[in-house]
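For the sequence shown, our numbering begins at 85 and goes up steadily by one.
No residue lacks a Cβ here, since even glycine has one placed at the ideal position from N, Cα and C.
Predicted, not measured: the structure shown is a model, and the values here were computed from it.
Data first, discussion second: the structure below is written as structure tokens.
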Amino acid sequence: MAGDSGSSKTPPPAAEDDEVPVAADKALHALGFEFTRIGAREVAGRLPVTDTCCQPFGVLNGGVSALVAESTASVGAYMASGYRRVAGVQLSVNHLRPARLGDVVRAKAAPVQLGRSIQVWEVQIWRADPSTEECKDLVSTARVTMLIKKPIKTRGDVDPRSKH
Numbered sequence: 085m086a087g088d089s090g091s092s093k094t095p096p097p098a099a100e101d102d103e104v105p106v107a108a109d110k111a112l113h114a115l116g117f118e119f120t121r122i123g124a125r126e127v128a129g130r131l132p133v134t135d136t137c138c139q140p141f142g143v144l145n146g147g148v149s150a151l152v153a154e155s156t157a158s159v160g161a162y163m164a165s166g167y168r169r170v171a172g173v174q175l176s177v178n179h180l181r182p183a184r185l186g187d188v189v190r191a192k193a194a195p196v197q198l199g200r201s202i203q204v205w206e207v208q209i210w211r212a213d214p215s216t217e218e219c220k221d222l223v224s225t226a227r228v229t230m231l232i233k234k235p236i237k238t239r240g241d242v243d244p245r246s247k248h
């Protein structure tokens, strides 16, 4: 995803698949983020706001919101580009209201523009209603611009012109 080194990756599952692998984004998984939908037109997930995710004042750290935004957009761009390497080249996040320790936030990423070399994604992070987990209060919005690179080569696909 963002900053991908070009190593071989198994593509994440289509949106209708029931299980989404941890490999879709290990940093998010380490914070407790769970993907609930992965596809070329929408990526969604949820994150319990734990002590690990909070700044000292007990609210969701803005850097975590930025990580959620860029990572969900990266996964979507990866899918939408036909599994090409992608890299975030611009990230703009507006923090609108806090999510507090113990809350659950839901993220939804959707493409604004899907070009061959540049994609733009809009990400919204919402505080979820505790009883229904429906999106309740908008916590932050982000716009992520992704650079689409060459396809990822598998270990068996060696360019004969390269010196290994």
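- Excluding the 5 residues flanking it on each side, residue 190 has same chain C-beta neighbours closer than 6 Å at 130, 210, 212 and 219, in chain order.
- Between the alpha carbons of residue 200 and residue 165 lies a gap of roughly 7 Å.
- Inside the region 106 to 161, DSSP marks whole beta strand (DSSP E) runs of 3 or more residues at positions 118 to 122 and 127 to 132, from first to last along the chain.
- Take the alpha-carbon of residue 135 and the one of residue 146: they are about 14 Å apart.
- In this structure, the straight-line span from the alpha carbon of residue 128 to that of residue 173 is close to 21 Å.
- With respect to the 7 Å criterion, residue 207 and residue 196 are not classified as neighbours on the basis of their beta carbons.
- About 17 Å separates the beta carbons of residue 169 and residue 110, which is beyond the 8 Å limit, so they are not a contact pair.
- In terms of Cβ geometry, residue 183 and residue 223 form a close pair [threshold 7 Å].
- Residue range 202 to 212 is occupied by the beta strand (DSSP E) that includes residue 211.
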